[in-house]
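Numbering (our numbering), first residue to last: 57 to 863.
Ideal Cβ placement from N, Cα and C applies to all residues, glycine included.
The structure displayed is predicted, hence computed values, not measured ones.
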Amino acid sequence: MRPLLLHLDHFGSFREPVSVDFSDTEYFALVGPTGAGKSTVIDAICFALYGTVPRWGKENVIAHALAPSAASGKVALVFESDGRRYGVVRSMVRDAKGAVRTKEARIDELDPAAPLAEAYDAVVKPLAEGENVTPEVQRVTGLEYKFFTQCVVLPQGRFAEFLHAAPRERQDLLVQLLDADVYELIRQQAAREEESAKQAASFARDQLARLSGASEEAERELSDRVEALRRLAQTIDTDLDLLRARESDIRRVEQERAAVAERQSVLSSLRMPTAVPTLASARRAAAESVDGLSAEVASLEADDHEAYEALAALGDRAEPMAALAALDARERLTREAASARSSAASAGASLEGLVAGLAEAEQAMAAAESERERLRDAHAAADLAQRLSVGEPCPVCLRTVSEQPRHGGSHDLRAADRALSEARERVTRARSAHAKAETSATMLTERVRRIEVELAALPAPGDRAELEGRLAAIAKADQLATQARTAARAARAKLERARGEVQQVERQAETAWRTLESTRDRLLVSGGHDDPPPPLTRDDLHRAWTDLLAWRDRAAESARAALAERDAELAQAAAVLAAERRKLGERLAEHGITPPRDASPDQLGAGVHATVARVDGALERVREDRRRAAELEVAATQKEHEAKVAHELALRLRANAFERWLCAEALAVLVAGASETLRELSDGQYELALSDKTGDIEVIDYGEAGLRRSARTLSGGETFQAALALALALSGAVARGLDSIFLDEGFGTLDPATLDTVATTLERLAAGQERMIGVVTHVPALAERVPVRFEVKRDGKGSHIRKAGGM
């Protein structure tokens with residue numbers, strides 16, 4: 057997995073959108089002061105891929121992904137893996153309770169030819185969404201989350217612990233880092249497989265016991281019976297044809313009897329409708345009622361027409377009503393005009409008095425202002441005179457003062473101010489009263505004018521008594537017209553009901569004729585009569601029904617005799633059929649076939665063939681059971697063998713010695729791989745080896761003639777080289793072909809010489825490996841030696857990142 061472009065928006069301490077381009081970077085450093093947000097960049101890569109970060113502690117906790125003041129945020133990463141380009145996006149929101157949750161997650165395969173700035177839009181195909189994103193990331197990178205945090209993001213201090221650890225501690229750490237506890241899972245799975253195989257073998261044995269009846273003798277007996285039944289099926293057709301002929305004779309007689317019974321039923325159901333005897337008199341009474349009501353309706357409609365003509369002659373009532381309304385309006389406006397003129401006259405008189413009062417108040421205010429000005433000048437002159445000196449120029453006339461002027465006593469300016477203020481208040485009140493009175497007089501005058509205009513617009517007044525008399529006459533005529541129309545409407549309703557009664561009687565008569573005709577036609581169609589029904593004449597309905605009922609009685613007697621004759625013939629045919637069915641049933645019973653009672657010939661034939669098929673099926677089942685029994689015997693034997701193998705495997709894996717052996721072998725392989733890497737990093741000076749006595753990791757120092765010494769005697773820089781070599785060996789043990797590695801390590805405690813060794817080691821690693829290397833540090837001496845630096849700073853608006861160098 058190799059990152060190309062990282063985008064952060066309100067992630068962690070980055071509160072503003074920022075993008076980091078790694079596409080042209082092989083070896084870089086994230087630099088900046090402690091707490092600036094350097095490790096947050098590595099966290100963002102891990103979060104984009106797996107939805108969680110190791111530094112947050114508990115896996116799948118995302119509360120730290122969103123900046124505290126942000127309501128939503130997003131992380132997006134474009135990366136390459138196995139020659140293909142992918143884009144993964146995760147966005148977060150803060151809900152109403154303040155909890156952070158993932159709003160969207162998706163991973164897409166991207167077009168590798170598209171410009172990197174447009175990579176997110178160059179989707180070749182979507183791969184996964186939601187909870188399926190992390191499993192898809194594991195598939196395309198080949199790295200599970202725990203391997204990513206062990207092999208791509210390397211906490212180097214942990215591997216230094218591995219370098220110095222005691223054998224027992226190292227074994228525990230190997231079990232954790234290399235997932236050696238998988239063999240315990242294998243042992244548990246073997247125990248489960250043993251139990252499952254035992255259950256399968258037991259089930260197969262139970263099934264085999266249930267097939268004990270599938271013997272060779274049972275197969276032979278069923279085969280013989282199938283042959284006998286097939287011979288019976290080939291010879292039974294003649295007997296079945298004879299039965300079909302007997303049943304055909306019975307059906308013919310039954311049809312003839314049914315026809316006779318139908319005629320008898322039709323004759324028995326023939327009844328004269330109850331209304332037939334009285335239909336003629338009811339029809340005459342209804343016709344007479346219609347004639348009388350028609351004359352009454354004509355008379356009332358004439359009265360109605362006459363009443364409405366009288367109403368129309370009186371004219372529309374709207375005209376006198378409008379004239380009366382105009383009279384009412386004229387009287388009302390006349391009263392309002394008189395009242396308005398009186399109010400206007402009063403307002404005018406009041407206004408004249410207010411004008412005089414206002415003039416008097418303004419004169420008093422002018423006098424008060426004049427007196428106040430005089431007193432102020434006198435007071436100022438007295439005050440100035442006190443400050444004049446003889447021989448000095450006067451500040452007013454600029455002449456030399458020859459003698460000190462004399463002025464009277466003090467003047468009361470405050471009393472003059474109060475008098476002026478009171479005069480001004482009286483003027484203000486007088487002006488306000490005058491303005492109100494003037495406005496009121498103007499409004500009253502305008503109202504008188506509007507009323508007079510309205511009066512002038514009214515039509516000439518009419519005679520109230522005459523208008524009210526016309527309205528009374530119109531109301532009386534309207535009442536008479538309404539009464540006449542109501543009476544005519546009621547009479548028409550009675551006439552309609554009478555006509556409906558006539559139509560009902562006509563329908564009853566027509567229905568009785570149709571019933572008579574359909575009954576006679578049905579009797580003619582049924583046939584079987586030497587004496588046909590009498591012909592119909594439509595002059596007298598009652599007589600026609602009487603003649604038909606008389607004929608019915610004669611025909612019913614003849615039908616009863618024919619029915620008795622058919623019953624005797626049917627009994628004889630049924631006896632013959634029963635005897636022949638009994639013979640056939642005895643023959644079928646010899647072959648073990650018991651057909652249903654009263655089965656038809658087709659059912660008997662089908663029963664024979666069904667028995668043949670059933671016995672044939674039973675034969676096939678016995679044969680199949682025998683084959684199944686053989687398979688179950690093989691399966692039971694195999695499962696018993698599998699249970700034995702799983703039992704032995706569980707026993708072997710249960711011992712602790714296997715774990716010690718496995719970790720010892722893994723440690724030997726890891727130390728050999730790390731030794732080769734350390735030899736390259738140290739220019740051939742150091743190799744790693746395992747102590748034969750203690751099992752500790754030792755260093756072979758070729759600078760000291762191949763001296764073997766404890767790894768604890770290495771300097772800081774040398775320890776870094778050895779620990780890094782072990783880290784790379786461990787990462788290669790769990791994931792091959794890594795394209796990037798990030799060292800999030802505090803280098804601030806290293807002395808200058810050690811720091812130089814560390815920097816040189818990283819430079820050699822970057823030059824000799826086909827992978828991206830990223831270092832998180834705040835040490836300037838180390839950062840200056842890295843070709844590409846991303847400077848991370850933090851202020852009140854959050855963290856910011858800037859690319860400071862490149863090659």
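For residue 292, there is no enclosing alpha helix (DSSP H), as DSSP gives it neither H nor E. A straight line joining the alpha-carbon of residue 764 with that of residue 716 spans about 25 Å.
The Cβ atoms of residue 302 and residue 633 lie closer than 7 Å to each other. Between the segment 618–626 and the segment 329–340, the count of C-beta pairs closer than 8 Å stays below three; the two stretches do not touch. No residue range can be given for residue 328, since it is assigned to no alpha helix (DSSP H) and is classified by DSSP as neither H nor E. The DSSP-derived three-state label of residue 836 is helix. In the DSSP assignment, residue 118 falls outside any beta strand (DSSP E) and carries neither an H nor an E. If the five residues before and after residue 530 are omitted, its C-beta is found closer than 6 Å to the C-beta atoms of 370, 373, all from its own chain and listed in chain order. One alpha carbon belongs to residue 748, the other to residue 94, and they sit about 43 Å apart.
For residue 704, the number of other beta carbons within 10 angstroms of its own is below 16, and it is reported as exposed. Rounded to whole angstroms, the gap between the alpha carbons of residue 296 and residue 613 is 41 Å.
Burial of residue 320 is indicated by the presence of at least 16 other C-beta atoms within 10 angstroms of its C-beta.
Straight-line measurement puts the Cα of residue 430 at about 14 Å from the Cα of residue 439. Residue nearest to residue 186 within the set 660, 161, 150 is 161 (criterion: CA-CA distance). 105 is the residue among 641, 105, 305 whose C-alpha sits nearest the C-alpha of residue 196. Following the DSSP letters along the chain, one finds residue 422 inside the alpha helix (DSSP H) bounded by residues 374–442. Residue 304 counts as exposed, since fewer than 16 other beta carbons sit within 10 angstroms of its beta carbon.
If the five residues before and after residue 135 are omitted, its C-beta is found closer than 7 Å to the C-beta atoms of 57, 58, 59, 60, 142, all from its own chain and listed in chain order. Separation of the CB atoms of residue 264 and residue 674 is rounded to 20 Å, and the pair is thereby denied contact status at 8 Å. The segment 688–701 makes contact with the segment 253–271, as at least three CB pairs between them are under 8 Å. Taking C-alpha positions only, residue 687 is separated from residue 275 by approximately 18 Å.
Closest by C-alpha distance to residue 341, out of 556, 526, 190, is 556.
According to the DSSP assignment, residue 185 belongs to no alpha helix (DSSP H) but to the beta strand (DSSP E) extending over 179–185. Sequence-distant partners of residue 510 (beyond 5 residues in either direction) whose C-beta falls short of 7 Å from its own C-beta, in its chain, are 389. In this structure, the beta-carbon distance from residue 817 to residue 777 falls below 7 Å. Separation of the CB atoms of residue 507 and residue 403 is rounded to 16 Å, and the pair is thereby denied contact status at 8 Å. Taken through DSSP and simplified to helix, strand or coil, residue 603 comes out as helix. Look at the beta carbons and you see the segment 307–317 not touching the segment 559–574: under three pairs across the two are nearer than 8 Å.
Cα atoms of residue 484 and residue 447: separation of roughly 50 Å, rounded to the nearest angstrom. Taking all protein chains shown into account, residue 627 has fewer than 16 neighbouring C-beta atoms within 10 Å of its C-beta and is therefore exposed.
Rounded to whole angstroms, the gap between the alpha carbons of residue 468 and residue 406 is 39 Å.
Rounded to whole angstroms, the gap between the alpha carbons of residue 246 and residue 707 is 9 Å. DSSP lists 129, 158 as the beta-bridge partner residues of residue 148. Taking 7 Å as the cut-off, the beta carbon of residue 67 is found no closer than this to the beta carbon of residue 145. A direct Cα-Cα distance of roughly 17 Å separates residue 609 from residue 329.
In the DSSP annotation of this structure, the continuous segment of the alpha helix (DSSP H) that includes residue 486 starts and ends at 469–513.
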